[in-house]
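*Asks:* Residue numbers (this note's numbering), protein chains in the order written: chain A, 34 to 357; chain B, 34 to 357.
2 protein chains.
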Amino acid sequence: MIAQHELQRLINDKIARLPLNAQPHELYEPVRYFMSLGGKRMRPMLVLMGCELFGGSIEDAIDSAIGVELFHNFTLLHDDIMDNSPLRRAHPTVHEKWNVNVAILSGDAMFVRACEMMMNARKDVVQQVMAVFLANALKVCEGQQFDMNYEQQANINLQSYIRMIELKTAVLLGASLEIGALLGGAKESDAKLLYEFGRNIGIAFQLQDDILDVYGDEQKFGKQKGRDIVANKKTFLMIKALEMANSYTQEELRNWMQATRFVEKEKVKAVTAIYDFLGVRALAQKEMMNYFEKGMQALEQIQTVAHRKKDLVELAESLMVREN
Amino acid sequence: MIAQHELQRLINDKIARLPLNAQPHELYEPVRYFMSLGGKRMRPMLVLMGCELFGGSIEDAIDSAIGVELFHNFTLLHDDIMDNSPLRRAHPTVHEKWNVNVAILSGDAMFVRACEMMMNARKDVVQQVMAVFLANALKVCEGQQFDMNYEQQANINLQSYIRMIELKTAVLLGASLEIGALLGGAKESDAKLLYEFGRNIGIAFQLQDDILDVYGDEQKFGKQKGRDIVANKKTFLMIKALEMANSYTQEELRNWMQATRFVEKEKVKAVTAIYDFLGVRALAQKEMMNYFEKGMQALEQIQTVAHRKKDLVELAESLMVREN
Chain A
34 MIAQHELQRL INDKIARLPL NAQPHELYEP VRYFMSLGGK RMRPMLVLMG
84 CELFGGSIED AIDSAIGVEL FHNFTLLHDD IMDNSPLRRA HPTVHEKWNV
134 NVAILSGDAM FVRACEMMMN ARKDVVQQVM AVFLANALKV CEGQQFDMNY
184 EQQANINLQS YIRMIELKTA VLLGASLEIG ALLGGAKESD AKLLYEFGRN
234 IGIAFQLQDD ILDVYGDEQK FGKQKGRDIV ANKKTFLMIK ALEMANSYTQ
284 EELRNWMQAT RFVEKEKVKA VTAIYDFLGV RALAQKEMMN YFEKGMQALE
334 QIQTVAHRKK DLVELAESLM VREN
Chain B
34 MIAQHELQRL INDKIARLPL NAQPHELYEP VRYFMSLGGK RMRPMLVLMG
84 CELFGGSIED AIDSAIGVEL FHNFTLLHDD IMDNSPLRRA HPTVHEKWNV
134 NVAILSGDAM FVRACEMMMN ARKDVVQQVM AVFLANALKV CEGQQFDMNY
184 EQQANINLQS YIRMIELKTA VLLGASLEIG ALLGGAKESD AKLLYEFGRN
234 IGIAFQLQDD ILDVYGDEQK FGKQKGRDIV ANKKTFLMIK ALEMANSYTQ
284 EELRNWMQAT RFVEKEKVKA VTAIYDFLGV RALAQKEMMN YFEKGMQALE
334 QIQTVAHRKK DLVELAESLM VREN
């Protein structure tokens, strides 16, 4: 197996040399800019690791890996417009640095290039690879729409919330692994199991995100605590708290959510106290572990040389105990 | 050969029954709405006619035909946002009827569905079909960016203008025919010739558009004359006029373009008079015929049963002498 930092170097190298036309400058410069902002490159890593799991060669999978990363960044670029976000990875977003039209169109071009890279897959699996890619690309769009819908709604149930994070984030992690597996020569049933591993770990990862926002170590986590609380984000913790609270506590929560003038630290402290009182952290952790275990079970069922699974197990564990 | 209105019926029928998920409503309803607004369905027609030209079966080409139409409508949907257009085919645009975020995201979903339909092509040609589709999809994005750039620039030369209309419109007409040809079993060289036919006819078509805006029969054309003049659109006529005008006439043109308060009819009349004086209409017609002839020459070179070309010749001619 190739070391993860080696795979990452390979991915970043390939991204840096991604062929793009020179003109029009306004179309391609934002693509170069956005792709250079970095990130963990988790999805292309998963494509390559999925391929290696079945003894496939990295060369066969690298273009699809870049394709998935291009697609992921295209969704971030368009999400940034929709969420009106000024920053992405501590840099100005494309619609801030250029304008909304440039952001829409360069995102579209990025998606076209993503498809082109995916189409470089081997002829014998290209239709399977594209079917997985496109079906999950559509799910990511659905997830983003649900996310926007839920922002406008006062009450969301947990099932809808989990379905949303599954669509918006988890399925693309699963798809990355499944695509890698197909390129590595896996049987379809094994590729599907690897998808299930990624999808479940992905949901666990998002739930962990919700928990870390409130209970993470600020020092280690490198982020201010309670950003979700300040922004009234309907996380697992908030939805569960609203569901469990008696009418008095529920009113207290709603008051904090409706408050337009407040000291941020006080709001975070008060809402956290309610979470603690109701014990929603433990429930979120239980739910998270539940998905984590489901993911691990799927991985175990896959018929391949056992020691090859080690890297994926380690990656999954590191996602659960992480610092950013 | 199947009659054109039969093909159109087939296309509209297939579009009406296009499988789309039910939820989220806000993602898929705009897709259904936009696709139902109609239009000439020229691109899917060209896919089917390209296929028939080589004796291929319509069933083999229909999904790709719908894929191209979905892609085309996706670009219109996003262009409407960028151009801030309130109406499309006399109906509210998606960003007007819903909002910009819905328009961005439902457009993205439409593009994914377009790719899925394209991937239904026969296994032996799917990679060629997708390569043509994606390469030209990227060109369409480039064309839209050039178009937006040129709106901000005082001086555009004719070569840049023609390159822009080629990218924004003509290449997708060419690609539709080429994709159809590939699906119909054409040799690659013949498929490329058919692309050249479509690309050249497409440029001629756009030049004809520029001419008809000023010189079209209002009654027959069903549109008010001189919309391009009122909007200061840099058409072939305007660019050529600015290029040919002496300093006095040039100033007159620039004054009309910079005027913020004017009677529309007077502006149209004055600018048309300058066009007439300079004789730019005849030059535009010459240029148009030049591209038309080039297109016809490419068609002639194609090695296929001659009588099958008849429908394409008729279509090309009807595009040149049209009423809408």
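For each residue, glycine too, the CB sits at the ideal point set by N, CA and C.
#1: Closer than 8 Å is the cut-off here; do at least three beta carbon pairs connect the segment 240 to 252 of chain A with the segment 331 to 340 of chain A?
#2: Excluding the five sequence neighbours on either side, which residues of its own chain have a C-beta within less than 7 Å of the C-beta of A/Asn265, listed in chain order?
#3: Measuring only the C-alpha atoms, how far is B/Ala147 from A/Leu167?
#4: Could you spell out the range, first to last residue, of the alpha helix (DSSP H) harbouring B/Ile307?
#5: Which of the three DSSP states, helix, strand or coil, is assigned to A/Pro63?
#6: So, is the C-beta of A/Asp93 closer than 8 Å to a C-beta in chain B?
#7: Short of 6 Å in beta carbon distance, which residues of its chain neighbour B/Ile244, apart from the five on each side in sequence? Order them along the chain.
#8: For the segment 108 to 129 of chain A, enumerate the residues whose C-beta is nearer than 7 Å to any C-beta of chain B, in chain order.
#9: Got a sec, what are the start and stop residues for the alpha helix (DSSP H) B/His340 sits in?
#10: Between A/Leu138 and A/Leu60, which are expected to be in contact by the criterion C-beta below 8 Å, what is the C-beta distance as a whole number of angstroms?
#11: Answer with yes or no whether the minimum CB distance from A/Ser209 to chain B is below 8 Å.
#12: Tell whether a beta-carbon distance below 8 Å holds between B/Val304 and B/Leu275.
#13: With 16 other CB atoms within 10 Å as the buried threshold, where does A/Ile272 fall?
#14: Any C-beta of chain D sitting closer than 8 Å to the C-beta of B/Gln177?
#15: So who's on the other strand from B/Arg260, going by DSSP bridges?
#16: Given a threshold of 16 other Cβ atoms within 10 Å of its Cβ, counted over all protein chains shown, does A/Pro119 qualify as buried or as exposed?
#17: B/Phe67 versus chain A: which residues are under 9 Å apart at the beta carbon?
#18: Along chain A, in chain order, which residues have C-beta atoms closer than 9 Å to that of B/Leu167?
#19: Tell me the residue span of the alpha helix (DSSP H) that contains A/Met75.
#20: Starting from A/Gln291, follow the alpha helix (DSSP H) in both directions and report where the run begins and ends.
#21: Please state whether the Cβ-Cβ distance between B/Met151 and B/Ser222 is less than 8 Å.
#22: According to DSSP, is B/Arg121 part of a helix, a strand, or is it coil?
#23: Suppose contacts are defined by Cβ-Cβ distances below 8 Å. Is B/Met78 in contact with B/Leu103 by that definition?
#24: If you follow the alpha helix (DSSP H) that A/Lys130 is part of, which residue opens it and which one closes it?
#25: State yes or no: is the C-beta of B/Leu200 within less than 8 Å of the C-beta of B/Gly235?
#26: Classify A/Asp112: buried if its beta carbon has 16 or more other beta carbons within 10 angstroms, exposed otherwise.
#27: Taking buried to mean at least 16 other C-beta atoms within 10 Å of its own C-beta, is A/Val346 buried or exposed?
#28: Classify A/Ile35 as helix, strand or coil using the three-state DSSP reduction.
#29: Against chain A, with Cβ distances strictly below 8 Å, would B/Leu171 count as a contact?
#30: Using a beta-carbon distance cut-off of less than 9 Å, what residues from the segment 46 to 57 of chain A approach chain B?
#31: How would you list, in chain order, the residues of chain A whose beta-carbon sits under 8 Å from the beta-carbon of B/Val159?
#32: On the three-pair Cβ rule with 8 Å, is the segment 121 to 131 of chain A touching the segment 67 to 76 of chain A?
#33: Could you tell me whether any Cβ in chain B is nearer than 8 Å to the Cβ of A/Lys266?
#34: B/Met277 lies in the alpha helix (DSSP H); which residues open and close that run?
#35: Tell me whether A/Tyr228 is buried or exposed, calling it buried when 16 or more other Cβ atoms sit within 10 Å of its Cβ.
#36: Give a yes or no on whether the C-beta atoms belonging to B/Gly218 and B/Gly88 are separated by under 8 Å.
*Replies:* This is what the structure holds:
#1: no
#2: Met290
#3: So the alpha carbons of these two residues sit roughly 10 Å apart.
#4: 297 to 311
#5: helix
#6: no
#7: Cβ-Cβ distances below 6 Å link B/Ile244 to Ala317 in the same chain, with the five nearest sequence neighbours on each side left out; the list follows chain order.
#8: His111, Ile114, Met115
#9: Segment: none, B/His340 is in no alpha helix (DSSP H) and carries neither H nor E.
#10: At roughly 6 Å, the Cβ-Cβ gap stays under 8 Å, so A/Leu138 and A/Leu60 are in contact.
#11: No, A/Ser209 lies away from the interface with chain B (no Cβ there is under 8 Å from its Cβ).
#12: no
#13: Buried is the label assigned to A/Ile272, since at least 16 other Cβ atoms lie within 10 Å of its Cβ.
#14: Given the protein chain composition of this structure (A and B), no chain D is represented.
#15: Paired residue(s): none; B/Arg260 is not in a bridge.
#16: exposed
#17: Correct list: empty, because the minimum Cβ distance to chain A is about 15 Å.
#18: Among the residues of chain A, those whose CB is under 9 Å from the CB of B/Leu167 are Val145, Arg146, Cys148, Glu149, Met152, following chain order.
#19: 75 to 86
#20: 280 to 291
#21: no
#22: Correct three-state label for B/Arg121: strand.
#23: no
#24: 127 to 130
#25: Between B/Leu200 and B/Gly235, the gap from beta carbon to beta carbon reaches 8 Å or more.
#26: buried
#27: exposed
#28: coil
#29: Nearest CB-CB separation between B/Leu171 and chain A: below the 8 Å threshold.
#30: Against chain B - using a Cβ distance shorter than 9 Å - the residues of the segment 46 to 57 of chain A are Asn54, Gln56, Pro57.
#31: In chain order: Val159, Gln160.
#32: yes
#33: no
#34: 269 to 277
#35: A buried status is given to A/Tyr228, since no fewer than 16 other beta-carbon atoms sit within 10 Å of its beta-carbon.
#36: In contact: B/Gly218 and B/Gly88 (Cβ atoms closer than 8 Å).
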